[in-house]
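Residue numbers (mature numbering (1 follows the signal peptide of the UniProt record, and there is no 0)): -20 to -1, 1 to 171. Note that CB positions come from ideal geometry on N, CA and C, so glycine has one too. Quick caveat: nothing in here was measured; it's all calculated off a predicted structure. Structure, as structure tokens:
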Amino acid sequence: MMKAVAITIVLAIALPAVMATTHTTCYNYFMQKDGCVISANDARHRCPAPAKPQSAPMKAFALKSKSRMAKRTEETTLARRYDTSKPSFAVAGGNGICGYYDTNTQYGVCLWSGAEQNNPTLETAGWLNGLKTSNCGKKVYIQRKGDPSSVMSVPVLDGCGFNDVQPLPGCFDIAVTVSVSSSLNSEADES
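The following block contains the structure:
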């Protein structure tokens, strides 16, 4: 009985360390730079939402009609998180890190896959790579620069090298599918 208790205690201590998540290079970069990461799964690491200005104090138990509750106000906006320093481009599609995708019909983005393109490891993943695919399918908000009315929520479909070997600018770079580019009305020289 004592052996079983001792083994249980050892497993209870050791198992979480073994199962701990290996974070990406970009996650670690923003933790070091900002002390938090936007949209982190772990609430302790998630950046707090910016305070929203209130036009008037909230009244206790003030109910609104269902039709009013269903509408979004014109004042609702998304906060800018990360801007890329490079112009975006359209990706070719095909077999990517997250599987097959058709750039002409699917909305999606390609995020930095890390500095090590030849022999990637879990530890060298930018936002993702062939071994670290946990960000595949997660949603990213994207908009045409200077046009807040063009906001789209699209999934991560692939990883791109961008010829970057450092988190700055790699963690900020993004490429889009042709269908996203078309929806954002990108100019010919932007695609």
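Contacting residues, own chain, Cβ-Cβ under 8 Å from residue i (five flanking each side not counted)
i      : result
Lys51  : Per-residue confidence for Lys51 stands at a pLDDT of 41, beneath the threshold of 50, marking its modelled position as unreliable; no derived number is given.
Thr146 : Reading the sequence as shown, one finds Gln at residue 146 and not Thr. For Gln146, where only same-chain residues beyond five positions count, the Cβ hits under 8 Å are Ala95.
Minimum C-alpha distance to residue i - residue among the options
i      : options                         : result
Leu108 : Asp14, Asn84, Ile77 and Lys13   : Ile77
Val131 : Cys90, Leu91, Ser163 and Gly74  : Ser163
Gly141 : Asn98, Asp127, Gly74 and Gly126 : Asn98
Lys125 : Ser114, Val17 and Ile154        : Ile154
Pro135 : Cys116, Val145 and Ser129       : Cys116
Asp138 : Arg24, Tyr7, Ala20 and Val89    : Val89
Ser133 : Ser68, Lys119 and Thr113        : Lys119
His3   : Asn143, Pro67, Lys13 and Ser114 : Ser114
Arg24  : Met11, Asn143 and Pro67         : Met11
Val156 : Leu148, Tyr121 and Asn143       : Tyr121
Asn165 : Asp127, Asp144 and Asn143       : Asp127
Where the alpha helix (DSSP H) through residue i begins and ends
i      : result
Val134 : Counting along the chain, Val134 falls outside any alpha helix (DSSP H), though it belongs to the beta strand (DSSP E) covering Met132 to Cys140.
Asn75  : From DSSP, Asn75 is part of no alpha helix (DSSP H) but of the beta strand (DSSP E) over Gly74 to Gly76.
Tyr80  : Element bounds for Tyr80: not the alpha helix (DSSP H) but the beta strand (DSSP E), Gly79 to Tyr81.
Val158 : Val158 to Ser163
Cys90  : Premise fails: Cys90 lies in the beta strand (DSSP E), Val89 to Trp92, not in any alpha helix (DSSP H).
Lys13  : Thr5 to Asp14
Contact set for residue i: own chain, Cβ-Cβ below 6 Å, skip 5 residues either direction
i      : result
Val158 : Ala70, Thr83 and Asn84
Cys27  : Cys16 and Ile18
Gln123 : Ser130 and Val131
Gly73  : Tyr81, Asp82 and Thr83
Gly106 : Thr5, Cys6, Trp92, Ser93, Gly94 and Gly150
Asn21  : none
Terminal residues of the beta strand (DSSP E) in which residue i lies
i      : result
Val120 : Lys119 to Ile122
Cys151 : First-last for Cys151: undefined, no H or E at that position.
Supposed close pair residue i, residue j - CB separation, criterion 8 Å
i           : j      : result
residue 201 : Gly150 : Any property of residue 201 remains undetermined from this structure, which presents the chain solely from -20 to 171.
residue 173 : Val160 : A question about residue 173 goes unanswered here, because the residues of the chain that appear run from -20 up to 171.
Thr1        : Thr104 : Actually they do not touch by this definition, with Cβ atoms about 16 Å apart.
Residue-level contact to chain B via CB, residue i, 7 Å cutoff
i      : result
Leu102 : The chain labelled as chain B is not found in the depicted structure, where only one protein chain is given.
Own chain, CB closer than 7 Å to residue i, minus 5 neighbours either side, in chain order
i      : result
Gly110 : Ile77 and Pro100
Tyr9   : Pro147 and Cys151
Contact test: residue i Cβ vs the ligand PLP heavy atom, cutoff 6 Å
i      : result
Gly110 : In the structure shown, the ligand PLP is absent, as is every other ligand, since no ligand is present at all.
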